[in-house]
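Novice:
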Amino acid sequence: MSFGEHVKRFSSRSVSMLAHYQAKVPNGIWQECPHCHASFYFKRAGQYRVCPECGYGFRVTAHRRLKMLTKHFEEWDADLETKDPTEFPEYERKIKKAQSATHLKDGVLTGKATIGDYPVALGIMDPLFIMGSLGTANGERITRMFEKATKQQLPVVLLTASGGARMQEGIYSLMQMAKISQAVNVHSAAGLGYISVIMDPTTGGVTASFASQADITLAEPKALYGFTGKRVIEQTINKELPSDFQSVENSYKRGFIDEIVPRERMAERLTQLLSILEAKKWGEA
Numbered sequence: 001m002s003f004g005e006h007v008k009r010f011s012s013r014s015v016s017m018l019a020h021y022q023a024k025v026p027n028g029i030w031q032e033c034p035h036c037h038a039s040f041y042f043k044r045a046g047q048y049r050v051c052p053e054c055g056y057g058f059r060v061t062a063h064r065r066l067k068m069l070t071k072h073f074e075e076w077d078a079d080l081e082t083k084d085p086t087e088f089p090e091y092e093r094k095i096k097k098a099q100s101a102t103h104l105k106d107g108v109l110t111g112k113a114t115i116g117d118y119p120v121a122l123g124i125m126d127p128l129f130i131m132g133s134l135g136t137a138n139g140e141r142i143t144r145m146f147e148k149a150t151k152q153q154l155p156v157v158l159l160t161a162s163g164g165a166r167m168q169e170g171i172y173s174l175m176q177m178a179k180i181s182q183a184v185n186v187h188s189a190a191g192l193g194y195i196s197v198i199m200d201p202t203t204g205g206v207t208a209s210f211a212s213q214a215d216i217t218l219a220e221p222k223a224l225y226g227f228t229g230k231r232v233i234e235q236t237i238n239k240e241l242p243s244d245f246q247s248v249e250n251s252y253k254r255g256f257i258d259e260i261v262p263r264e265r266m267a268e269r270l271t272q273l274l275s276i277l278e279a280k281k282w283g284e285a
């Protein structure tokens, strides 16, 4: 057998073996971090779904995030869902797909929870529900959460993750910013305490309103936090922006964020802060 035939035979066997082993490797067993681009065995991300190389927190559903914070939760307004107010093409199909993926009627989970030993009104936006965009239904749920928290004399913890106002709902979506902000102001006037937790991504109208109105603003490492997208700004001003532009680390340096807390320590840190708010409520702080 000639040298060329040996090479050809060896190459054919290699391709055949590679295809055989590839067929046995399940999808998703190796993951790539969207922030540092490291590749790793998926179990290394652990129960908190954090990149083992850079600490970036992967986007997870609101229900999964809830389990990372508390075992005691009573959901509020679970039946609220959008009715497609603008009759936007393909919108209903997108809603049904998102509902199936997240097990939510819309992109936020709200209710009364216990974190540590402290009762709290808890909201968790879901970045997997049409990018966590703000629409009429989840806007109403967040508004009602603040209203109930005011009535029940509870502090609020709200985890934000959103691409901004939901374009399919037009002006109805933009109205939610003002509506929620007013409910936040009433809650704040009652002196009850509001803690915002910035998750990846928190952008657009959510950043411009209730995500940035908290008494205490925490953030997860490496989360995107800003208003207009970096590419849009660069095209508008015709300049390249710094690599850390719209990062929570950059916002922390400039005083917009109070503390960056790793995901695995978030429940512990919230418990500490809620204990301070509780002491203040009873005049002990």
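Numbering (the UniProt record's numbering), first residue to last: 1 to 285.
Glycine included, C-beta positions come from ideal geometry on N, C-alpha and C.
Answer yes if the segment 126-137 comes into contact with the segment 172-191, meaning at least three C-beta pairs across the two stretches below 8 Å, and no otherwise.
Specialist: Contact between the segment 172-191 and the segment 126-137 is present, because at least three Cβ pairs lie under 8 Å.
Novice: If I measure Cβ to Cβ from E158 and keep anything under 6 Å in the same chain, skipping five residues before and after, which residues do I get?
Specialist: In the sequence as displayed, the identity of residue 158 is Leu instead of Glu. Excluding residues within five positions, the ones whose Cβ falls inside 6 Å are G123, S196.
Novice: Where does T150 fall in DSSP's three states?
Specialist: Residue state, collapsed to three classes: helix.
Novice: Tell me the residue span of the beta strand (DSSP E) that contains E268.
Specialist: Premise fails: E268 lies in the alpha helix (DSSP H), 266-281, not in any beta strand (DSSP E).
Novice: Give me, in chain order, the residues of the same chain whose beta-carbon lies closer than 8 Å to that of W30; leave out the 5 immediate sequence neighbours on both sides.
Specialist: Cβ neighbours of W30 beyond the five flanking positions: S39, F40, Y41, F42.
Novice: Please work out which residues of its chain come closer than 6 Å, Cβ to Cβ, to T110, disregarding the five sequence neighbours upstream and downstream, and give them in chain order.
Specialist: Around T110: W76, G123, R141, M145.
Novice: Rounded to whole angstroms, what's the CA-CA distance from Y194 to G28? Just pull it up for me.
Specialist: The alpha-carbon atoms of Y194 and G28 are separated by roughly 37 Å.
Novice: If you count every other CB in all the chains shown that lies within 10 Å of the CB of T82, and 16 or more means buried, which is it?
Specialist: Counting Cβ neighbours within 10 Å, T82 comes out buried, since at least 16 surround it.
Novice: Using the Cβ count rule (16 or more neighbours within 10 Å means buried), how would you classify H72?
Specialist: H72 comes out exposed.
Novice: I'd like to know whether the C-beta atoms of residue 338 and I180 end up nearer to each other than 8 Å.
Specialist: Residue 338 falls outside the range modelled here, since the chain spans only 1 to 285, and no answer is possible.
Novice: I'd like the ranges of any alpha helix (DSSP H) spanning at least 4 consecutive residues and lying wholly in the segment 203-239.
Specialist: Listed in chain order, they are 204-207, 230-237.
Novice: Given a cut-off of 8 Å on the beta-carbon distance, is the pair T228 and T202 in contact?
Specialist: Result no, Cβ atoms of T228 and T202 do not sit closer than 8 Å.
Novice: At the level of alpha carbons, what is the spacing between I95 and G139?
Specialist: Whole-angstrom Cα-Cα distance: 15 Å.
Novice: Check the C-beta distance from V186 over to T150 and give it rounded, since I have them as a contact under 8 Å.
Specialist: Yes, they are in contact, since the Cβ atoms of V186 and T150 sit about 6 Å apart, within 8 Å.
Novice: Please state the DSSP three-state secondary structure of H35.
Specialist: Residue state, collapsed to three classes: coil.
Novice: Would A165 and L80 qualify as a contact pair, given that the criterion is a beta-carbon distance under 8 Å?
Specialist: No, the pair does not count as a contact, with Cβ atoms beyond the cut-off.
Novice: Applying the 10 Å Cβ sphere with the 16-neighbour rule, what's the burial state of Q153?
Specialist: Q153 should be labelled exposed.
Novice: For S162, which three-state DSSP category applies?
Specialist: S162 falls in the strand class under three-state DSSP.
Novice: Sorted by chain position, which residues of the same chain lie with C-beta nearer than 7 Å to V7's C-beta, five sequence neighbours on each side aside?
Specialist: Low per-residue confidence applies at V7: pLDDT is 44, beneath 50, and the placement is therefore not dependable, though the value from the model is reported in the following sentence. Nothing listed; no residue qualifies.
Novice: Is it true that the CB of G116 sits closer than 8 Å to the CB of T217?
Specialist: No, the Cβ-Cβ distance between T217 and G116 is not below 8 Å.
Novice: Within 10 angstroms of its Cβ, does Q47 collect 16 or more other Cβ (buried), or is it exposed?
Specialist: Counting Cβ neighbours within 10 Å, Q47 comes out exposed, since fewer than 16 surround it.
Novice: Candidates M177, K230, I233, R231: which alpha carbon is nearest Q213's?
Specialist: The shortest C-alpha separation from Q213 is found at M177.
Novice: Taking L192 as the reference, give the member of R263, D215, M199 with the closest Cα.
Specialist: Among R263, D215, M199, the Cα nearest to that of L192 belongs to D215.
Novice: Let me know if T102 comes out buried or exposed under the rule of 16 or more other beta-carbons within 10 Å of its beta-carbon.
Specialist: Classification for T102: buried.
Novice: Would you identify the three-state DSSP class for Y56, choosing helix, strand or coil?
Specialist: Three-state DSSP puts Y56 in coil, outside helix and strand.
Novice: Note down the Cα distance separating C54 from P26, rounded to an integer number of angstroms.
Specialist: Each residue's Cα considered, the two are about 25 Å apart.
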